[in-house]
Every structure is written in C-alpha cells, then in structure tokens.
Amino acid sequence: MSQTIRPTRARLVARGLALAGVVALVATGCSSTADDLATQYGNGTTENYISGNGTVTEIAPEDRTDPVAFTAETDAGETVSRSDHEGEVVVLNFWYAACPPCRLEAPELEKLNQSYADKGVEFLGVNVRDQADTSLAFARTFDVTYPSVVDANDGAVQLALAGTIAPNAVPTTIVLDKQGRIAARILGGLDGPSILDTLISDTLAETS
Numbered sequence: 001m002s003q004t005i006r007p008t009r010a011r012l013v014a015r016g017l018a019l020a021g022v023v024a025l026v027a028t029g030c031s032s033t034a035d036d037l038a039t040q041y042g043n044g045t046t047e048n049y050i051s052g053n054g055t056v057t058e059i060a061p062e063d064r065t066d067p068v069a070f071t072a073e074t075d076a077g078e079t080v081s082r083s084d085h086e087g088e089v090v091v092l093n094f095w096y097a098a099c100p101p102c103r104l105e106a107p108e109l110e111k112l113n114q115s116y117a118d119k120g121v122e123f124l125g126v127n128v129r130d131q132a133d134t135s136l137a138f139a140r141t142f143d144v145t146y147p148s149v150v151d152a153n154d155g156a157v158q159l160a161l162a163g164t165i166a167p168n169a170v171p172t173t174i175v176l177d178k179q180g181r182i183a184a185r186i187l188g189g190l191d192g193p194s195i196l197d198t199l200i201s202d203t204l205a206e207t208s
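Per this note's numbering, residue 1 is the first one in the sequence shown, and the count goes up by one each step.
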C-alpha cells in the first residue's frame, strides 16, 4: 500500500484490501451478528455520531477482490440486489436521518444521481439506523429520488462488506465497479461533488 498526500485531502491509494486497522466497524465482522453491526451504527446521535475525516481510498482494478453480493429491502418495500446492476457502476451511500453531515451532503448526492441518470450508474442509499418511515421522510425533505435500503435490522449490506474496505463511519460513500468490486471509498461527508464525481467517472470509464 502506498500513500499520497494531496494539498486538500489525505488520499490513501490501496494496493490491496487487507487493510487491518482501518476497518474499525467490521474488525470482528466475521464473528459478529447482523444485529451487532447495526447496533454499532445505531449508537450515534445528533450530537455524537461516528464521523469520518474525508479520507479517500482507491483500489486499482488489478487489486480488487471479489464482487460484493447482497440482497436487501428498500424503504419502499422493494427487493434490491447488487447483481441487479451487473455491468453498471453502483454508488452506495451509508447514512441515517439525524446525522448532520448526511443532511448536508444529500443535495450533492442527488445532483450527481441526476447527472449520471441513464449513464450506467446507480445510486443506492444504505440507512444504518432508521426504519422505513423515517428514511422515506428524509427522502421527501431533501428531494432524494434514489432508493435506500433499510439496513438497521439485519445489516445485510454492512455484512456484505465485512472484511473489505468497509463503511466504518457515517456517512461513507463506496463506489462499486461494473463487476461489483469495491473501487473507491470516501470516509465521511462530501465537501462538494467534485471528488465523488471524479471517482464515478473514472470507474465508469474502466474497460475491465
């Protein structure tokens, strides 16, 4: 693993997914239950949430591991699977309604969602704390049009990322490549759309 520091942000360029020590949330993911993982997320409040520092981790195509596989239920009661989007870039945003940076970044995420509509990119929220009614109310308030998985009960999406570069802060945004492999992660809230936009466009442009 090599590390490059840019003037505005620490940028960790991963040369593999065996990053022991940076996956605080799922360090015991292989032995934890889904409820344990959901509880670790759910302990946050408006005043005391788990927040990242904006670190960007990218994984070169040749260093990516197996595709992420999950099936979960959205806040609208629909079933969604990662395999439904084979051949598309998938953007996973981990959030909950009372998280201040989640509220701040919601409009930026929706703008990117709109800008990549019909371009082979799918956005999917992963609500790690709330139930469906709260998740849907948030979407109405912030005009978010893409679906969110209700992951607080069984942690299906969180478990799918256990042992990889996982979402160990809220918010976290993960970009999956066209094969469903983890291509990039932003740990913390967005400072604007440009970094995520670049990560998405770079991943979309990949031929393998």
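Ideal placement from N, C-alpha and C gives every residue a C-beta, glycine not left out.
Where does residue 64 sit, in a helix, a strand or coil, going by DSSP?
In the three-state reduction of the DSSP assignment, residue 64 falls in the coil class, being assigned neither a helical nor a strand state.
Alpha-carbon spacing of residue 87 relative to residue 206, whole angstroms
Spanning the two alpha carbons is a distance of roughly 11 Å.
Is it the case that the stretch 125-140 contacts the stretch 91-101, given that we only count it when at least three CB pairs across the two stretches are under 8 Å?
Contact check between the stretch 91-101 and the stretch 125-140: three or more CB pairs, one atom from each, fall below 8 Å, which counts as touching.
Pull up the distance between the alpha-carbon of residue 108 and that of residue 192, whole angstroms please.
When rounded, the separation of the alpha-carbon atoms in residue 108 and residue 192 is 7 Å.
Residue 183 - containing beta strand (DSSP E), residue span
Segment 182-187, the beta strand (DSSP E) holding residue 183.
According to the neighbour-count rule (16 or more other Cβ atoms, all chains shown, within 10 Å of its Cβ), is residue 168 buried or exposed?
Buried.
Enumerate in chain order the residues of its own chain whose CB-to-CB distance from residue 149 is below 8 Å, with the five nearest sequence positions on each side excluded.
Apart from sequence neighbours up to five positions away, the residues of its chain that approach residue 149 with a beta-carbon distance below 8 Å are 72, 73, 74, 75, 80, 124, 125, 126, 127, 156, 157, ordered along the chain.
In three-state terms, what does DSSP make of residue 92?
Of the three classes helix, strand and coil, the one that applies to residue 92 here is strand, per DSSP.
What whole-angstrom Cβ distance do residue 177 and residue 203 have, given they're in contact under 8 Å?
The Cβ separation is near 5 Å, so the contact holds.
Given 8 Å, three or more beta-carbon pairs between the stretch 107-122 and the stretch 194-203:
Here the stretch 107-122 makes contact with the stretch 194-203; the two share three or more CB pairs at distances below 8 Å.
So, helix, strand or coil for residue 207, using DSSP?
Residue state, collapsed to three classes: coil.
Under 6 Å Cβ to Cβ from residue 187, same chain only, skipping five residues before and after it: list those, please.
So the qualifying residues of the chain are 52, 55, 169, 172.
Under 8 Å Cβ to Cβ from residue 78, same chain only, skipping five residues before and after it: list those, please.
Beyond the five residues adjoining it in sequence on each side, residue 78 comes within less than 8 Å, by CB distance, of 147 in the same chain, given in chain order.
Residues of its chain near residue 185, where Cβ-Cβ distance is below 6 Å and the 5 sequence neighbours each way are ignored
These residues qualify, in order along the chain: 57, 165, 174.
Which stretch, first to last residue, makes up the alpha helix (DSSP H) that contains residue 148?
Counted as a single uninterrupted DSSP element, the stretch harbouring residue 148 is not any alpha helix (DSSP H) but the beta strand (DSSP E) occupying residues 148-150.
Hey, how far is the Cα of residue 96 from the Cα of residue 197?
The straight-line gap separating the alpha-carbon atoms of residue 96 and residue 197 is approximately 22 Å.
Buried or exposed (CB count within 10 angstroms, at least 16 for buried), residue 135
Buried, because 16 or more other Cβ atoms sit within 10 Å of the Cβ of residue 135.
In chain order, what residues of the same chain lie with their CB nearer than 8 Å to the CB of residue 66, ignoring the 5 residues before and after it?
Cβ-Cβ distances below 8 Å link residue 66 to 181 in the same chain, with the five nearest sequence neighbours on each side left out; the list follows chain order.
Given that a residue counts as buried once 16 or more other Cβ atoms are within 10 Å of its Cβ, and exposed if not, what is residue 122?
Answer is buried; the Cβ neighbour count reaches 16.
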